[in-house]
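Reviewing the structure listed below.
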DNA sequence: TAATATAGTTAGCCTTCCCTAACTTTGCAA
DNA sequence: TTGCAAAGTTAGGGAAGGCTAACTATATTA
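Protein chains in written order, with my numbering: chain A, 1 to 151; chain B, 152 to 302.
This is the structure we're talking about:
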């Protein structure tokens, strides 16, 4: 079970970025974390101090950043949820990938656990439905085309 | 058309609270705004200064707060979106009213305009579907009951 | 190996939003 | 009309999160 580390949306982003970079190139450099999140290098340094304090990252000045065991599992859980949300935003709502990515990162915090839990199940449901003859994403696309925008 | 006043989630909450209080009791007092948002009275004072600066509220120390014409239309637009989102959270996802309310307030900012626009249309679509034989909310409820929780 | 470029850190500052404590204003009641 | 309670404001501060500029460490290259 993932513990509650009281992570802010921002810290989750850092965690996920480290996970992604680690899997891509097997190490995460401060500068690359900064680039992937669009923040300054100094902001990364600050965040690494916090993640180290929380026991989620192995941080040593002037060294690559790695995740601790806890950090890895927390990051994986975050990434899992983000992936599902992102797919809903892209495949059902039909927004662009980067927009979906950003929204997925923010969603959990701002919407809160209850909504996210339900929303994840809802997405699961929608996915199931498509397989059972009612392709919701598809129907929604049609709906969008047929009705004029007025929102 | 509603202009972009660069309102933070927090300022939108204040705006909406003023609108609601005004319609309920025809005037908005600092203390009631504070109570309805769960913040201190001094926080309200601060927010009122900002809303006045942006031309959205008529603020005079020691007087009731009212909305300007712009403030009223901005607040109405915010309230409209919140209402739709809230209904999705409650009627489709099945969460509690207060949880839904909070999430609706946060959603727009954190998710961004594209997602919200699409999401509002999606909710509209879901509503339409229910009328046309496929009651999505209902189906989802059944789905929730039939499948075990594992999120 | 020395010089320079790149990466990382630190210091100091800003913004937003909130808080408490203390003060001022207003309004009601004796 | 005075006098107190309630409402509102101000002052001061804190937590998050970000930034730039300047400094330090590391790495590359001539």
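Virtual Cβ for every residue (Gly too), placed ideally from N, Cα, C. Remember, predicted model here, so these are calculated numbers, not experimental data.
- Query: At what residues does the alpha helix (DSSP H) containing residue 264 of chain B begin and finish?
  - Reply: 264-282
- residue 21 of chain A versus residue 87 of chain A: straight-line alpha-carbon distance, rounded: 21 angstroms
- Query: Should residue 184 of chain B and residue 213 of chain B be called a contact, given that it needs their Cβ atoms to be closer than 8 angstroms?
  - Reply: In this structure, residue 184 of chain B sits away from residue 213 of chain B, with a CB-CB distance that is not shorter than 8 angstroms.
- Quick one: list the residues of chain B neighbouring residue 118 of chain A, beta-carbon separation under 7 angstroms, in chain order. 244, 245, 246
- Task: Starting from the beta carbon of residue 99 of chain A, find every residue of chain B whose beta carbon is closer than 7 angstroms, and list them in chain order.
- Result: 263, 265, 266
- Between residue 302 of chain B and the rest of its own chain, which residues show a CB-CB distance below 8 angstroms, the 5 nearest in sequence each way excluded? Legend: pLDDT at residue 302 of chain B = 49, less than 50; position of this residue unreliable, no value from coordinates given.
- Counting Cβ pairs, one atom from each stretch, are 3 or more of them under 8 angstroms apart for the region 265-279 of chain B and the region 115-128 of chain A? no
- Could you tell me which chain A residues have their CB closer than 7 angstroms to the CB of residue 254 of chain B, listed as they occur along the chain? Correct list: 111, 112, 115.
- Message: Which residues of the region 165-194 of chain B have a Cβ closer than 7 angstroms to any Cβ of chain A? Give them in chain order.
- Response: none
- Query: Cβ atoms of residue 249 of chain B and residue 288 of chain B: under 8 angstroms apart, would you say?
  - Reply: no
- Query: If you measure from the beta carbon of residue 79 of chain A to each beta carbon in chain B, is any gap under 8 angstroms?
  - Reply: no
- Message: Quick check: the Cα distance between residue 246 of chain B and residue 223 of chain B, rounded to an integer number of angstroms?
- Response: Near 29 angstroms, if we compare the C-alpha coordinates of residue 223 of chain B and residue 246 of chain B.
- Query: Are the region 203-210 of chain B and the region 219-234 of chain B touching by the rule of at least three beta carbon pairs closer than 8 angstroms?
  - Reply: Three or more Cβ pairs closer than 8 angstroms define a contact, and the region 203-210 of chain B meets that threshold against the region 219-234 of chain B.
- Query: Curious, which full-length alpha helix (DSSP H) runs of at least 4 residues does the region 184-257 of chain B contain?
  - Reply: 192-204, 220-238
- Query: For the alpha helix (DSSP H) that contains residue 14 of chain A, what are its first and last residues?
  - Reply: 9-25
- Task: Return no unless some Cβ of chain A is closer than 8 angstroms to the Cβ of residue 302 of chain B.
- Result: Low per-residue confidence applies at residue 302 of chain B: pLDDT is 49, beneath 50, and the placement is therefore not dependable, though the value from the model is reported in the following sentence. It does; some Cβ of chain A falls within 8 angstroms.
- So, does the CB of residue 3 of chain A fall closer than 8 angstroms to a CB anywhere in chain B? no
- Message: Just checking: is the beta-carbon of residue 74 of chain A within a distance shorter than 8 angstroms of some beta-carbon in chain B?
- Response: no
- Message: Could you pull the DSSP bridge partners for residue 137 of chain A from this structure?
- Response: For residue 137 of chain A, which the question treats as bridged, DSSP gives no partner whatsoever.
- Message: So the candidates are A:37, A:45, A:58; which of them puts its Cα closest to the Cα of residue 101 of chain A?
- Response: A:37
- Buried/exposed call for residue 129 of chain A, threshold 16 Cβ in 10 Å: buried
- Please compile the residues from chain B whose C-beta is within a distance smaller than 8 angstroms of the C-beta of residue 107 of chain A. 261, 262
- Item | Contact check, residue 180 of chain B vs residue 215 of chain B, beta carbons under 8 angstroms | yes
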